[in-house]
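So the sequence lines, in the order shown, correspond to chains A and B. If you count the first sequence from 1, position 29 lands on 29 in UniProt numbering, and the numbers rise without skipping. If you count the second sequence from 1, position 63 lands on 63 in UniProt numbering, and the numbers rise without skipping.
Protein chains: 2
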Amino acid sequence: MAKGRGKRVTIGDVAREADASVTTVSRVLNDVSTVDETLADRVRQAIADLGYRPSATAQGLARGRSGTLGVLVPDLANPHFSDLVKAFSATVRDSGARVLVMDSDEDPTVERELAEDLLRYADGLLLCAPRMPRADLAALAARGAPLLVANRRAPGLALHTVGVDFHQGVLAVCGHLAQLGHRRVVYLAGPEGSWANRERLRALAGAEAFGLHVTVLPCGSTTDEGHAVAETALAAGGTALVAYNDFVALGLLSRFAELGVRVPDDISLTGFDEIDLARFSSPPLTTVAVPRSGLGRAAATALIRLLRGGTGGAPDGGTDADDPENAEAEALPVELHVRGSTSAPS
Amino acid sequence: MAKGRGKRVTIGDVAREADASVTTVSRVLNDVSTVDETLADRVRQAIADLGYRPSATAQGLARGRSGTLGVLVPDLANPHFSDLVKAFSATVRDSGARVLVMDSDEDPTVERELAEDLLRYADGLLLCAPRMPRADLAALAARGAPLLVANRRAPGLALHTVGVDFHQGVLAVCGHLAQLGHRRVVYLAGPEGSWANRERLRALAGAEAFGLHVTVLPCGSTTDEGHAVAETALAAGGTALVAYNDFVALGLLSRFAELGVRVPDDISLTGFDEIDLARFSSPPLTTVAVPRSGLGRAAATALIRLLRGGTGGAPDGGTDADDPENAEAEALPVELHVRGSTSAPS
DNA sequence: GTGAAAGCGCTAACAG
DNA sequence: CTGTTAGCGCTTTCAC
């Protein structure tokens, strides 16, 4: 029986036990080229008896691919990324591979190194690195490994990306607010260098076109930061507050409750990202739902397709890098959810 | 330069380029047995020129270990586990290894398979599987691979565990409530089979000793479930509600806000787990902080130690399984945080 | 101090 | 349909 002894059970042990060759064992393992049923059964029996499991490492070496995909995120504790990773993993697993996760702890200076390390293990990489310097991105791309970048664009870099249409989301928020009659809104900005924040700002600028005047206040991305900035935000003289994300919005809401400021009667408030709790605040939050799981699935699908396509797979020459059509972007639609935290200005 | 061509750069390429042997290259790679500085420099230069990165797979095969640790969690989107995995990964990475994450999606029927698969890739495994059948656990343990189980006990199974002292946490909550003068509390129970829930119930039973009468109401672990059970909970006739976790508590709070029930004036409420948002609800939640990151770190440390110790490492005989001292438990302390959601009964 | 050669466990031509 | 034989890229005795 499969008692946990010292040495690993190898394919050779199985072959011996089943009185077959390792090739045959390998064949039944990968159910390939019809092996005689009797023999196959004997092999399966031996596998079961010995509790044999093929070593993924050996398979990887022999096959030339590890069966592993990497994903690098800035913060796994952020629901945005844990949902993404979760969906990514599920899809990847369905395709028969596994996922190696790395967390850069929001530190752009280690991202490059982590990514390179990940590539030693993985067949491909999903990169969520909103603040990685362009040069590092270029260097990674030049490694030639299948690389997919999430929520970030890198013009002229010929890399594949997937992302969420933040622009449209912010526009939807602004449209909603404008329609309610708001004219002056204040935006509580997210992290400085982040692509998501830049994208929001870009959209906000566009929103001025339909009669909205927006003031930008530095803030951040956490509940704490939202809480801390509440009074300043109030003083900024808008009738509506557009928070960088739901965490910030909930922080504001919390502070407002303490201050006796009523939302939306005294001031309207919107979030972004739709975390689970957004429906359960008082009042429930008007926010933009972004397809986190959808993004994870899309990323997995795209990366797997890249793998299959074989980037630079041709031994010599073939489709090389400077193909302008080589880069490919995908932007998933978002959805505005109007709830109790917004109303017409008083 | 390191242009991303078709073929992978191997140690042989580096050796050729540096006019050295692969052995030497391997040596400078693993900085072992003083290689002559001149030669070493030449090798390093070649490595840089070629953009060489050792294949983790090949290293794994040759070394007999993959440099990868696995972790299986029920739900990566749950902050409890994402924090745990994050801290686990960080610690594991500091020790030079990587982490393979798998998410069982709360489905106990796939856990066994996922764990076995993980073990094909990883040198060791951290198992968070609160509902895995004992037999499966035993089977995994019998595989002989370094295995660490989080937040769950398995008497007689001689496996290593780390966990949080839920028992003490619940007792602290009850003590707090009792001291405020509560006599009748209702517990909103978590998922049926889960160890965490069983542990809470066990502690609750103990709490009756100091004068608390507790009614148990089935509920669940999500905000939605808390929201849904609110009215029933109210009708159960307690002066305080002990929620399975913070999500449930926030769901209750949300529903209470809709119903005009005031917390803590009309009823006291406690959570468990201290999610980030617990401080920001209205009122802020009295809850029990569990050291999620600490648990992740402790798990990593323990697992790494197991790896070093070499479970069943002795080729024949040696320290075998039925050693009673072989199993080892670690229970991290928790901390009650009293906030605005609890007060003396009216 | 350095290199040649034998594997690590598996897959994949290539014969029979 | 089945087995023999090379490797996959690296580490590691073991000689030099």
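Glycine is no exception: its CB is placed at the ideal position from the N, C-alpha and C atoms.
Contacting residues, own chain, Cβ-Cβ under 6 Å from residue i (five flanking each side not counted)
i	result
serine 95 of chain A	Ile304
leucine 171 of chain A	Ala203
glycine 312 of chain A	Only weak support is given to the placement of glycine 312 of chain A: the predicted model assigns it a pLDDT of 38, under 50, and the value that follows is read from those uncertain coordinates. Gly144, listed in sequence order.
methionine 132 of chain A	Pro108, Glu111
threonine 223 of chain A	Phe247, Leu250, Gly251
Alpha carbon of residue i to alpha carbon of residue j, nearest angstrom
i	j	result
alanine 158 of chain A	proline 146 of chain A	12 Å
alanine 270 of chain A	serine 343 of chain A	The question names alanine, but residue 270 of chain A in the sequence shown is threonine. Whole-angstrom Cα-Cα distance: 11 Å.
threonine 24 of chain B	aspartate 117 of chain B	35 Å
glutamate 325 of chain A	histidine 167 of chain A	Low local confidence applies: a pLDDT of 37 at glutamate 325 of chain A is under 50, so the model's placement there is unreliable, and no value is given.
aspartate 320 of chain B	alanine 331 of chain B	Confidence is the limiting factor: at aspartate 320 of chain B the pLDDT is only 37, short of 50, which leaves the residue's position unreliable and the question unanswerable from this model.
leucine 61 of chain A	glycine 294 of chain B	36 Å
valine 338 of chain A	alanine 233 of chain B	29 Å
alanine 56 of chain B	isoleucine 275 of chain B	37 Å
alanine 240 of chain A	leucine 250 of chain A	15 Å
glutamate 231 of chain B	glycine 211 of chain B	25 Å
glycine 220 of chain A	glutamate 199 of chain A	15 Å
glycine 260 of chain A	valine 216 of chain A	24 Å
glutamate 225 of chain B	valine 248 of chain B	6 Å
glycine 296 of chain A	alanine 235 of chain B	42 Å
glycine 206 of chain B	glycine 237 of chain B	21 Å
residue 374 of chain B	leucine 119 of chain A	With chain B running from 1 to 346 in the structure shown, residue 374 of chain B is simply not present.
serine 21 of chain B	arginine 27 of chain B	10 Å
arginine 53 of chain B	glycine 64 of chain A	15 Å
valine 43 of chain B	valine 32 of chain B	14 Å
leucine 336 of chain B	arginine 184 of chain B	20 Å
histidine 176 of chain B	tyrosine 121 of chain A	50 Å
aspartate 301 of chain B	arginine 153 of chain B	Before going further, note that residue 301 of chain B is threonine rather than aspartate in the sequence given. Rounded to the nearest angstrom, the two C-alpha atoms are 19 Å apart.
leucine 39 of chain A	glutamine 45 of chain B	53 Å
alanine 278 of chain A	leucine 285 of chain B	17 Å
serine 89 of chain A	valine 149 of chain A	16 Å
alanine 209 of chain A	valine 290 of chain A	24 Å
leucine 306 of chain B	alanine 142 of chain B	15 Å
histidine 182 of chain A	isoleucine 267 of chain A	10 Å
Exposure label - residue i; buried when at least 16 CB within 10 Å
i	result
glycine 12 of chain A	exposed
asparagine 78 of chain B	buried
histidine 213 of chain A	exposed
serine 66 of chain B	buried
valine 162 of chain A	buried
glycine 70 of chain A	buried
serine 346 of chain B	exposed
aspartate 103 of chain B	buried
proline 333 of chain A	exposed
arginine 308 of chain B	exposed
proline 155 of chain A	exposed
lysine 7 of chain B	exposed
aspartate 123 of chain A	buried
glutamine 59 of chain B	buried
arginine 292 of chain A	buried
proline 299 of chain A	The residue you asked about is not proline; residue 299 of chain A is alanine in the sequence shown. Result: buried.
alanine 48 of chain B	exposed
Residues bridged to residue i [DSSP beta-bridge criterion]
i	result
histidine 337 of chain B	B:Thr287
serine 82 of chain B	None, per the DSSP bridge assignment.
aspartate 273 of chain A	A:Ala289
arginine 98 of chain B	B:Thr68
glycine 163 of chain A	A:Ala331
residue 413 of chain B	In the structure as shown, chain B begins at 1 and stops at 346. Residue 413 of chain B is therefore absent and cannot be evaluated.
residue 347 of chain A	Past the boundaries of the shown model lies residue 347 of chain A; chain A is included only from 1 to 346, so the question cannot be answered.
leucine 217 of chain B	B:Leu188
Sequence-distant residues of its chain with Cβ nearer than 7 Å to residue i (five each side left out)
i	result
alanine 196 of chain B	Pro130, Asn151, Phe166, Gly190
glutamate 106 of chain A	Pro74, Asp75
phenylalanine 272 of chain A	Gly169, Ala243, Tyr244, Asn245, Asp246, Thr287, Val288
alanine 115 of chain B	Leu72, Leu125, Leu127, Leu140
valine 263 of chain A	Leu253, Phe256, Leu269, Pro283, Ser341
alanine 97 of chain A	Gly67, Thr68, Leu69
Contacting residues, own chain, Cβ-Cβ under 8 Å from residue i (five flanking each side not counted)
i	result
leucine 50 of chain A	Ala2, Val9, Asp13, Val14, Glu17
serine 82 of chain A	Leu76
valine 85 of chain B	Val71, Val73, Leu76, Val99, Val101, Gly296
- Task: Could you list the residues in the region 206-230 of chain A with a C-beta less than 7 Å from some C-beta on chain B, going in chain order?
- Result: Cβ contacts with chain B come from Thr223, His227.
- Taking any Cβ of chain B, which residues in the UniProt domain "HTH lacI-type" (9-63) of chain A have a Cβ under 8 Å from it, in chain order? Flagged, chain order: Gly51, Arg53, Pro54, Ser55, Ala56, Thr57, Ala58, Gly60, Leu61.
- Message: Under 7 Å, CB to CB, which of the residues in the region 240-263 of chain B have a partner in chain A?
- Response: Considering only beta carbons, the part of the region 240-263 of chain B lying closer than 7 Å to chain A consists of Leu250, Gly251, Ser254, Ala257, in chain order.
- Message: Against chain B, which members of the region 110-132 of chain A pass a CB distance test of less than 9 Å?
- Response: Answer set for the region 110-132 of chain A: Leu114, Glu116, Asp117, Leu118, Leu119, Arg120, Tyr121, Ala122.
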